[in-house]
Amino acid sequence: MDRVAAANCQDHAHARSITLLVIVSLLTFICDVLFLKPQRLRSKLRKQGITGPPPSFLFGNIRDIKRKMQSKSSKVPCKGEQVVTYPQLSFHPFPKL
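Each residue of the sequence shown is one higher than the one before, starting from 4 at the first, in this note's numbering.
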């Protein structure tokens, strides 16, 4: 019986160590995705001279982007200002093919 109990105890120790390894790996991955990777990207952008508002924790700059998009879409062109739409920009280099 002592051998069975010792083998059972070793199995539990292996299971605990594997569980701990999985938890530590998962926490490392989450930390990288939520904190380190965005920080690296912001650092690269700052080095190129692109700055922006500091992002919030969960949503980043989504509110700022939506606010700016709404303000741009609500602007009415001034008199004499030319509005260019997508069909005017389409380019067909080989129309006879």
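Glycine included, each C-beta is placed from N, C-alpha and C at the ideal position. All values reported here derive from a predicted model rather than from experimental measurement.
*Hey, could you find the ends of the alpha helix (DSSP H) S46 is sitting in?*
40 to 50
*Just grab the DSSP bridge partners of G63 for me.*
S59
_Once DSSP output is grouped into helix, strand and coil, what is the label at T22?_
helix
*asked:* To the nearest angstrom, how far is the alpha carbon of P56 from that of L39?
replied: 18 Å
*Quick one: grab the DSSP three-state call for T31.*
helix
*Mapping DSSP to helix, strand and coil, what is I53?*
coil
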